[in-house]
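J.: Structure provided below as structure tokens; questions to follow.
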Amino acid sequence: MVFDTVLVAFMVLEAWVLPTVLLAAGDPGPSVLGALRWLRLARLVRICRLLRSLPEVLFMVRGVAAATHSVGCTFGMLFATVYVFGIAFTQMGDGTAFGPKYFASIPESMYTLLLDGAFMCSGREVLDAIRRESALCFAVFVVFVLVTHLTILNLLIGVLCEVVSEVSSAEKEKSERAFVREKVRQVLEAAGREAADEREMQISRGEFLELLQNEEAMELLERAGVDMLVLLDFADFFFQSDRLGHHFDKSLGFDDFIGTVLKLRSGGGVGLRDVLELRKFVRDETLGLQVALSRIEARLGHAGPCA
Numbered sequence: 001m002v003f004d005t006v007l008v009a010f011m012v013l014e015a016w017v018l019p020t021v022l023l024a025a026g027d028p029g030p031s032v033l034g035a036l037r038w039l040r041l042a043r044l045v046r047i048c049r050l051l052r053s054l055p056e057v058l059f060m061v062r063g064v065a066a067a068t069h070s071v072g073c074t075f076g077m078l079f080a081t082v083y084v085f086g087i088a089f090t091q092m093g094d095g096t097a098f099g100p101k102y103f104a105s106i107p108e109s110m111y112t113l114l115l116d117g118a119f120m121c122s123g124r125e126v127l128d129a130i131r132r133e134s135a136l137c138f139a140v141f142v143v144f145v146l147v148t149h150l151t152i153l154n155l156l157i158g159v160l161c162e163v164v165s166e167v168s169s170a171e172k173e174k175s176e177r178a179f180v181r182e183k184v185r186q187v188l189e190a191a192g193r194e195a196a197d198e199r200e201m202q203i204s205r206g207e208f209l210e211l212l213q214n215e216e217a218m219e220l221l222e223r224a225g226v227d228m229l230v231l232l233d234f235a236d237f238f239f240q241s242d243r244l245g246h247h248f249d250k251s252l253g254f255d256d257f258i259g260t261v262l263k264l265r266s267g268g269g270v271g272l273r274d275v276l277e278l279r280k281f282v283r284d285e286t287l288g289l290q291v292a293l294s295r296i297e298a299r300l301g302h303a304g305p306c307a
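The opening residue of the sequence shown carries number 1 in the UniProt record's numbering; numbering runs sequentially from there.
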């Protein structure tokens, strides 16, 4: 809302207010006109609206921003490599025909190595000139190409792809979580459940089953990607309040309910947290069985002498 208001204000200012002011003031001078022309750059703000309809582009931009540190380290490595080889070629090119042309000084050597070695703009020409006079310089230049062009620059591409992929996955998960949260809130509001604070909202088994009988609620949950068959099968398990499964008086908070629904989305993978929760559940159930068996053995031990 705020973004749209600011955008409309800039459009009104540019289209109506500025022409009126300039017409009334006459000739304000080139300096004022130059400053006002910069205000027209506000049109570029409209591009930001496109990011709302293209979230994948926004994910990529955030991924590139997150990879700034890694990209900076890679460029630092590239600069250090170019600097070291630049010193070496400045010394080795002394007294040769290609030295004054390509490696007259350290900055000139770094420029040649960066363009013709790392970026391979015209590497064949430089390589041929070096190969004609010095096999050692030719071998060192080839090593430089292997280190920079084939290793460091490909490493940069790999770092960008990895970081952008991770950020995109995290942002997509965050977006899906917000979508599911909003859909569940709509379902609860449609059922007449409203609370000032979501943390105070409690959902019982009966209310949950009533929600599943609502066609609108089922449609919203399916749009959120929730596997409804699994949700129905495990409904009793989520609200089980005892170890034997005889009572279902447990109530879930809104955050716990959201987490439960998110775990039942179709296509969701199994993570370490799920494995740890399963391990904890099996351990608790095993301890419960051991305690029950110990009590049975104790009762049988007391009943044996009496018999």
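Ideal Cβ placement from N, Cα and C applies to all residues, glycine included.
Quick test of your reading: phenylalanine 103 and glycine 93, contact by CB under 8 Å. State the CB separation rounded to the nearest angstrom.
T.: For the purposes of this step, residue 103 is taken as the residue at position 103 of the sequence shown. For the purposes of this step, residue 93 is taken as the residue at position 93 of the sequence shown. Rounded, the Cβ-Cβ distance is 4 Å, consistent with contact.
J.: Using the C-alpha atoms, what's the distance from alanine 298 back to alanine 292?
T.: Counting from 1 along the sequence shown, the entry for residue 292 is found at position 292. Counting from 1 along the sequence shown, the entry for residue 298 is found at position 298. C-alpha separation (whole angstroms): 10 Å.
J.: Is glutamine 202 near glycine 259, with beta carbons less than 8 Å apart?
T.: The residue labelled residue 202 in the question sits at position 202 within the sequence shown. The residue labelled residue 259 in the question sits at position 259 within the sequence shown. Not closer than 8 Å, so no.
J.: Can you grab the Cα-Cα spacing for the pair lysine 263 / glutamate 176, in whole Å?
T.: In the sequence shown, counting from the first residue as 1, residue 263 sits at position 263. In the sequence shown, counting from the first residue as 1, residue 176 sits at position 176. C-alpha separation (whole angstroms): 12 Å.
J.: Please report the residue range of the alpha helix (DSSP H) in which lysine 263 lies.
T.: One-based indexing of the sequence shown puts residue 263 at position 263. It spans 254-263 - the alpha helix (DSSP H) in which lysine 263 sits, taken as one unbroken run.
J.: Roughly how many angstroms lie between the CA atoms of methionine 120 and valine 64, to the nearest whole one?
T.: Numbered from 1 along the sequence shown, position 120 holds the residue referred to as residue 120. Numbered from 1 along the sequence shown, position 64 holds the residue referred to as residue 64. In a straight line, the C-alpha of methionine 120 is about 25 Å away from that of valine 64.
J.: Among the residues of its own chain, which have a CB less than 6 Å from the CB of leucine 115, if the five just before and after it don't count?
T.: Walking along the sequence shown from the start, residue 115 turns up at place 115. Once the five neighbours on either side are set aside, the close Cβ partners of leucine 115 are Cys121.
J.: Which residue marks the beginning of the alpha helix (DSSP H) containing histidine 69, and which one marks its end?
T.: As a working mapping, residue 69 is identified with position 69 in the sequence shown. Counting along the chain, the alpha helix (DSSP H) containing histidine 69 begins and ends at 68-92.
J.: Using a 10 Å radius around the Cβ and a threshold of 16 neighbouring Cβ atoms, would you call isoleucine 130 buried or exposed?
T.: The residue you call residue 130 lines up with position 130 of the sequence shown. Buried: at least 16 other Cβ atoms inside 10 Å.
J.: Can you grab the Cα-Cα spacing for the pair arginine 205 / phenylalanine 237, in whole Å?
T.: For this step, residue 205 is matched to residue 205 along the sequence shown. For this step, residue 237 is matched to residue 237 along the sequence shown. Going by the C-alpha atoms only, they are around 10 Å apart.
J.: For the alpha helix (DSSP H) containing methionine 228, list its first residue and its last residue.
T.: For the purposes of this step, residue 228 is identified with residue 228 of the sequence shown, where counting begins at 1. Where methionine 228 is concerned, the enclosing alpha helix (DSSP H) stretches over 228-233.
J.: Out of curiosity, what's the CA-to-CA distance linking threonine 20 and threonine 5?
T.: Residue mapping note: residue 20 aligns to position 20 of the sequence shown, counting from 1. Residue mapping note: residue 5 aligns to position 5 of the sequence shown, counting from 1. Threonine 20 and threonine 5: Cα-Cα distance of roughly 21 Å.
J.: Look at the alpha carbon of leucine 150 and the alpha carbon of cysteine 137, and state the distance between them as a whole number of angstroms.
T.: Residue mapping note: residue 150 aligns to position 150 of the sequence shown, counting from 1. Residue mapping note: residue 137 aligns to position 137 of the sequence shown, counting from 1. The straight-line gap from Cα to Cα measures roughly 19 Å.
J.: Tell me the residue span of the alpha helix (DSSP H) that contains phenylalanine 138.
T.: Mapped onto the sequence shown, residue 138 falls at position 138. Taken as a continuous stretch (DSSP letters only), the alpha helix (DSSP H) holding phenylalanine 138 covers 135-147.
J.: Can the beta-carbon of phenylalanine 248 be found closer than 8 Å to that of serine 241?
T.: Here the question's residue 248 lines up with position 248 in the sequence shown. Here the question's residue 241 lines up with position 241 in the sequence shown. Contact: yes.
J.: Check whether chain B comes within 8 Å of valine 159, counting only Cβ atoms and requiring the distance to be less than that.
T.: Given the protein chain composition of this structure (a single chain), no chain B is represented.
J.: Residues in the same chain with beta-carbon distance under 8 Å from leucine 221, minus the five sequence neighbours each way, listed in chain order, please.
T.: The count along the sequence shown starts at 1 and reaches residue 221 at position 221. Within the same chain, leucine 221 has close Cβ partners Lys183, Val184, Val187, Met228, Leu231, Val261.
J.: Mapping the DSSP letters down to three states, classify glutamine 202 as helix, strand or coil.
T.: Position 202 of the sequence shown holds residue 202. Here DSSP, grouped into helix, strand and coil, assigns glutamine 202 to strand.
J.: In whole angstroms, what separates the C-alpha of serine 134 from that of alanine 80?
T.: Stepping through the sequence shown from its first residue, residue 134 is reached at position 134. Stepping through the sequence shown from its first residue, residue 80 is reached at position 80. Cα to Cα, serine 134 sits roughly 24 Å from alanine 80.
J.: According to DSSP, simplified to helix, strand and coil, what is glycine 301?
T.: In the sequence shown, residue 301 corresponds to position 301, counting from 1. Glycine 301: helix per DSSP, three-state reduction.
J.: On the CB-based measure, 16 or more other CB atoms within 10 Å of its CB, does glycine 288 come out buried or exposed?
T.: Locating residue 288 in the sequence shown gives position 288, counting from the first residue. Counting of Cβ neighbours within 10 angstroms places glycine 288 among the exposed residues, the total staying below 16.
J.: With distances taken from CA atoms, which of Glu166, Ala224, Leu113 is nearest phenylalanine 179?
T.: Taking the first residue of the sequence shown as 1, we reach residue 179 at position 179. Considering only alpha carbons, the answer is Ala224.
J.: Report buried or exposed for valine 275, applying the criterion of at least 16 other Cβ atoms within 10 angstroms of its Cβ.
T.: The sequence position of residue 275 within the sequence shown is 275, counting from 1. By the neighbour-count rule (16 or more Cβ atoms within 10 Å), valine 275 is not buried but exposed.
J.: For methionine 120, which three-state DSSP category applies?
T.: Stepping through the sequence shown from its first residue, residue 120 is reached at position 120. In this structure, methionine 120 counts as coil in the three-state DSSP scheme.
J.: Near methionine 110, which residues of its chain fall below 7 Å by C-beta distance, leaving aside the five closest residues on each side in sequence?
T.: Position 110 of the sequence shown, counting from 1, holds the residue named residue 110. Only Val82, Tyr83, Gly86 meet the Cβ criterion.
J.: For glycine 99, count neighbouring Cβ atoms within 10 angstroms of its own Cβ and tell me buried if that reaches 16, exposed if not.
T.: Indexing the sequence shown from 1 puts residue 99 at position 99. Classification for glycine 99: buried.
J.: Using CA coordinates, which residue listed in Thr68, Ser294, Val57, Glu215 is at the minimum distance from leucine 156?
T.: The residue labelled residue 156 in the question sits at position 156 within the sequence shown. Of Thr68, Ser294, Val57, Glu215, the residue nearest in Cα terms is Thr68.
J.: Would you identify the three-state DSSP class for serine 241, choosing helix, strand or coil?
T.: Within the sequence shown, numbered from 1, the residue matching residue 241 stands at position 241. Looking at serine 241 - three-state DSSP - the assignment turns out to be coil, as it is neither helix nor strand.
J.: Please state whether DSSP places glutamine 186 in a helix, a strand or coil.
T.: Start at 1 with the first residue of the sequence shown, and residue 186 comes out as number 186. Helix at glutamine 186.
J.: Are the Cβ atoms of alanine 118 and threonine 148 separated by less than 8 Å?
T.: Sequence index remark: in the sequence shown, residue 118 carries index 118 (1-based). Sequence index remark: in the sequence shown, residue 148 carries index 148 (1-based). Yes, the Cβ-Cβ distance between alanine 118 and threonine 148 is below 8 Å.
J.: Distance check for valine 282 and leucine 212, CA to CA, integer angstroms please.
T.: Numbered from its first residue, the sequence shown carries residue 212 at position 212. Numbered from its first residue, the sequence shown carries residue 282 at position 282. Going by the C-alpha atoms only, they are around 29 Å apart.
J.: What is the residue span of the alpha helix (DSSP H) that phenylalanine 152 lies within?
T.: By 1-based counting over the sequence shown, the position of residue 152 is 152. Per the sequence shown, residue 152 should be read as isoleucine rather than phenylalanine. Unbroken run through isoleucine 152: none, as it is neither H nor E.
J.: Can you tell me whether leucine 278 is buried or exposed, with buried defined as 16 or more other CB within 10 angstroms of its CB?
T.: Numbered from its first residue, the sequence shown carries residue 278 at position 278. The residue in question, leucine 278, is exposed, as its Cβ has fewer than 16 Cβ neighbours within 10 Å.
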